[in-house]
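Residue numbers (the working numbering), protein chains in the order written: chain A, 524 to 714; chain B, 25 to 183.
Even glycine gets a Cβ: it sits at the ideal position worked out from N, Cα and C.
For clarity, every value in this text was computed on a predicted model and none was experimentally measured.
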Amino acid sequence: MTGGRAKPGVSSGKDADRVKTETKNDGGGEYLVIHQPNMLRRKVGRLVVDAAALERAEAALRALAVSYPQELQRGAKAAQAAWEAWSAAFDDATLKQALASIVHDIKGQAGSFDFPLATEIARSLGIVLRNDAERIAALRPVVEAHLGALQAVASQGITGDGGAQGAALIAGLRKTLEKFGLDPDDGVTPA
Amino acid sequence: MNESLACLQILVVDDSEYMRGVMRTVLRAIGVTKVHEAENGAAAIGVLRERPIDIIFADWMMQPMSGPELIQFLRSSDASPNPYIPIVMVTAHSEMRNIKQARDIGVTEFLAKPITAKSVFERLVAIIERPRPFIRAKEYFGPDRRRQAKAFKGGEKRT
């Protein structure tokens, strides 16, 4: 969108408060560029990087991590229960959504609290859950292998990458996905 | 603590109570004292109608209204309380497909989990110090998707 023809802007109000607009066309069609006054900057002022405050915030996160193992156990049990409910009624999209939501939460949270293995299992299970209900019904062993792995990590409190045990767990899940024709790296952002 | 951040009103939208607690803890620790919460997109709209929210941190996957649905409503609906509000999408979906979708529906910033205090603060800096103009085109309304890579030139206070 750079280098397009610009028409003079429309503005209103005082200079500092005015919204400035310009119409551009870089060959891909006309569009409007709207420059809003930076009210947040005016409200907050100059932001200062307070290294001590950031360290306190990181410490607060570490303190929260103390309660995360219980949260992970609760999540792993909830995922198992959600799967049992859905696998008894595969045509109920709401039940699938409930399972996907729990898995999504574990994927997002676990890594923040030194449970990257749980995040990786949840990421891998997410690949399975992207399929439609009929396909997932045929992938029952894959889902159950993931849920079992999740329960193991949660109940044993396996932090970090889990060492050799963790590597074997992940390698096993990858093989299971491949065996059922799924790409274990599906959706991974290229480095 | 950044005392200047105390005047900000931030809305955290996440269906996980635990994750809302994490975000609340981090935001308060870096100086944001007015942290509001909603458990899904529909509840967030209710809060936005009642409070002068400055910035939203929203999860991707929620029911009954997901993060993308909330953003589309805020950017495009005539009933939107604030089409220009800065929105940070917080998600485990750090995959390209979601980053592109988030960008194309008008997300201001993207924050991939696992979150850190530094990553949250950096998003606030980006929004406040380097706001992008909005673009209104035939099929898009939202922040300019061309990111200007300018380093933060704010002061640094080491205590």
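Residue-level contact by beta carbon fails for A:I644 and chain B, as no gap is shorter than 7 Å.
Contacts with chain A at 7 Å (Cβ-Cβ) do not include B:K124. C-alpha of A:R585 to C-alpha of A:F636: approximately 7 Å in a straight line. As DSSP reads the structure, B:T115 sits in a beta bridge with B:A136. The beta carbon of B:A141 sits closer than 7 Å to some beta carbon of chain A.
Residue burial is scored here from C-beta neighbours: A:D628 has at least 16 other C-beta atoms within 10 angstroms and is therefore classed as buried. Interface residue (Cβ-Cβ distance to chain A less than 7 Å): B:S90 is not classified as such. Note on A:K630: 16 or more other CB atoms within 10 angstroms of its CB, so buried under the neighbour-count rule.
Collapsing the DSSP output to three states places A:N548 in a strand.
DSSP lists no bridge partner for A:V567. For B:S104, same chain residues with a beta-carbon under 7 Å away, outside a window of 5 residues either side, are F97 and L98 in chain order. Annotation for B:F97: the continuous alpha helix (DSSP H) segment containing it runs G91 to S100. Annotation for B:R44: the continuous alpha helix (DSSP H) segment containing it runs E41 to A53. Using a Cβ-Cβ cut-off of 7 Å, A:I681 is close to nothing in chain B; its nearest Cβ partner there is about 16 Å away. Between the segment 144-161 of chain B and the segment 599-606 of chain A there are fewer than three inter-stretch CB-CB distances shorter than 8 Å, so the stretches are not counted as touching. For the segment 47-65 of chain B, the beta-carbon criterion of a distance under 7 Å to any beta-carbon of chain A is satisfied by T49, V50, A53, I54 and G55. Residues of the segment 63-82 of chain B with a C-beta less than 7 Å from any C-beta of chain A: D78, listed in chain order. Put simply, the CB of B:F134 is far from chain A, with every gap to its CB atoms at 7 Å or more. Between A:G689 and A:L648, the gap from beta carbon to beta carbon reaches 7 Å or more. Only residues of its own chain outside the window of five on either side were considered, and among them I650 and L700 have a CB closer than 8 Å to the CB of A:D706, listed in chain order. At a beta-carbon threshold of 9 Å, none of the residues of chain A lie near B:L98; the nearest stands roughly 15 Å away. Between B:A53 and B:A141 a beta carbon distance of about 6 Å is seen, short of the 8 Å cut, so the two are scored as contacting.
For A:E657, the closest Cβ of chain B is not nearer than 7 Å. Here the alpha carbons of A:A672 and A:L696 stand approximately 9 Å from one another. Distance from the CA atom of A:I644 to the CA atom of A:L622, rounded to whole angstroms, is 14 Å.
Using a C-beta cut-off of 8 Å, the segment 74-89 of chain B makes contact with the segment 31-44 of chain B, since at least three inter-stretch Cβ pairs fall below that distance. Residues of the segment 568-587 of chain A with a C-beta less than 9 Å from any C-beta of chain B: G568, R569, L570, V571, V572, D573, A574, A575, A576, L577, E578, R579, A580, E581, A582, A583, L584, A586 and L587, listed in chain order. Selection B:E133, B:V149 and B:E61 evaluated against A:V571 yields B:V149 as nearest (Cα-Cα). At a cut-off of 7 Å between beta-carbon atoms, A:R653 makes no contact with chain B.
Shown here, B:L32 sits in coil according to DSSP, grouped into three states, outside any helix or strand.
The beta carbon of B:P107 sits closer than 6 Å to those of R99, all from its chain and outside the five residues before and after it, given in chain order. Contact of A:D628 with chain B is assigned, a C-beta pair being separated by under 7 Å.
When rounded, the separation of the alpha-carbon atoms in A:K619 and B:G45 is 26 Å.
At a cut-off of 7 Å, the C-beta of B:P105 has no neighbouring C-beta in chain A.
At a C-beta separation below 9 Å, A:L555 has these neighbours in chain B: F158, I159, R160 and A161. Contact of B:P138 with chain A is assigned, a C-beta pair being separated by under 7 Å.
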